[in-house]
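**Q** In the numbering used here, the protein residues as written are 2 to 219.
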């Protein structure tokens, strides 16, 4: 059985009781970065075998994981933060394991997600929204932001501290209200509301730090 376990996006107290129970009872835990996951496990006194699975893992690792599942092992998959399978290597692993392990049961253990957290406080209509993940770094980036203008619904995307200023500059021509969340659930959590130009001025006053979620209003 494969458990897809959501973990905190910053505040370690956001983990669910069910997630703690699943991690405590798993035979092994697949982690994007074992060092990051070990901090969480130590916080809740969970002593389990950690196996690294990340974007650079090869097909041999997938075969090894598939064999463990065929042996009947209970495996928990976690990412560094949030829900596995959303903007991380977990989705590819799941697709490969479903093809390799007959009748594999994949169980979601829901929990924190940065995009949903930002949407919950944005104040825009969220009856329908479009999730775009991370913009391209270079090729296709201009088209990515231009296409947002054709989307009538609320849009949510992620951006790094290295490119957040550029992203806001590229969103400015759309003339749509924004909510930008920085370091959600962490000590220096900050929410900026306004136009791209207004938020850009606030962020330019000091070096942008942390992880960003950008919500574009309809």
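Ideal Cβ placement from N, Cα and C applies to all residues, glycine included.
Alpha carbons only, please: which of 105, 197, 165 is nearest the one belonging to residue 173?
**A** 197
**Q** Considering residue 1, what are the terminal residues of the alpha helix (DSSP H) in which it resides?
**A** This structure cannot settle anything about residue 1, because the visible part of the chain is limited to 2 through 219.
**Q** Beta-carbon separation of residue 110 and residue 20 under 8 angstroms?
**A** yes
**Q** With a 10 Å radius around its C-beta and 16 neighbouring C-beta atoms as the bar for buried, classify residue 213 as buried or exposed.
**A** When all chains shown are included, residue 213 counts as buried.
**Q** Leaving out the 5 sequence neighbours to the left and right, which residues in its chain are closer than 7 angstroms to residue 177 when beta-carbon positions are compared?
**A** 217, 218
**Q** Skipping 5 residues on each side, what residues in its chain have a beta carbon closer than 8 angstroms to that of residue 44?
**A** 13
**Q** Along the chain, where does the alpha helix (DSSP H) containing residue 41 start, and where does it finish?
**A** 35-44
**Q** Pull the bridge partners of residue 31 from the DSSP assignment, please.
**A** 52, 78
**Q** Using only alpha-carbon positions, find the residue among 91, 125, 71 that is nearest to residue 105.
**A** 71
**Q** Excluding five sequence neighbours on each side, which residues of the same chain lie with their C-beta closer than 8 angstroms to the C-beta of residue 15?
**A** Within its own chain, the residues whose Cβ lies closer than 8 angstroms to the Cβ of residue 15, once the five positions on either side in sequence are excluded, are 9, 112, 113, 186, listed in chain order.
**Q** Roughly how many angstroms separate the alpha carbons of residue 65 and residue 184, rounded to a whole number?
**A** 35 angstroms
**Q** What residue range is occupied by the uninterrupted beta strand (DSSP E) comprising residue 110?
**A** 107-110
**Q** Which same chain residues end up closer than 6 angstroms to residue 37 when comparing Cβ atoms and leaving out the 5 residues on each side of it in sequence?
**A** 81
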